[in-house]
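> This is the structure I want to talk about, given as structure tokens.
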Amino acid sequence: MRTCTGSCHCGAIRFEIVSDFPELTTCDCSICRRKNALMVRVHQSQFTFLAGEESLTAYQFHTHTATHYFCKVCGIYPFHRKRVTPEFYGINVFCLDGFDPAGIPVRATVGAGMS
Ligand SMILES: [Zn+2]
């Protein structure tokens, strides 16, 4: 297991995750396509919010179960809560400090067809 810190672009939002990074995922749903994010899934017990809760703003659509967070200062999406498994976060790996995704398998998940 590896501990990684991450932040949005302006640094208002800071968080830490613990993962062994077995795989990364992309998603083809209407919002992920626009974000073009590469994500890692972590359980909420492996996610720690360090700073900036007041700078987070949330966007919900469709079933309003998944919550897509972004920084209201710089607009970066650092993570979201998942719809099917809301106790899990999807983390934008490009927000992690010094993270290199090379060599980690990437799985394309299908969100576009979800009703
Ligand atoms: Zn920010």
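Letter 2 of the sequence shown, counting from 1, is numbered -5 in the numbering used here, and no numbers are missing.
Don't be surprised by glycine CBs; every beta carbon is placed ideally from N, CA and C.
Suppose you measure from the CA of residue 95 to the CA of residue 14; what does that come to, to the nearest Å?
Working through the sequence shown from its first residue, we reach residue 95 at position 102. Working through the sequence shown from its first residue, we reach residue 14 at position 21. Using only the alpha carbons, I get a separation of about 11 Å.
> Can you list, in chain order, the residues of its chain whose CB lies under 8 Å from that of residue 18, leaving out five sequence neighbours each side?
Position 25 of the sequence shown, counted from the first residue, corresponds to residue 18. Closer than 8 Å at the Cβ level, and outside the excluded window around residue 18, lie 31, 32, 33, 34, 83, 99, 100, 101, 102.
> Compute the Euclidean distance between the alpha carbons of residue 90 and residue 37, then round it to the nearest angstrom.
As a position in the sequence shown, residue 90 is number 97, starting the count at 1. As a position in the sequence shown, residue 37 is number 44, starting the count at 1. C-alpha separation (whole angstroms): 19 Å.
> Mapping DSSP to helix, strand and coil, what is residue 1?
Counted from its first residue, the sequence shown places residue 1 at position 8. In this structure, residue 1 counts as coil in the three-state DSSP scheme.
> Select from -4, 0, -6 the residue whose C-alpha is nearest the C-alpha of residue 87.
Your numbering for residue 87 matches position 94 in the sequence shown. It is 0.
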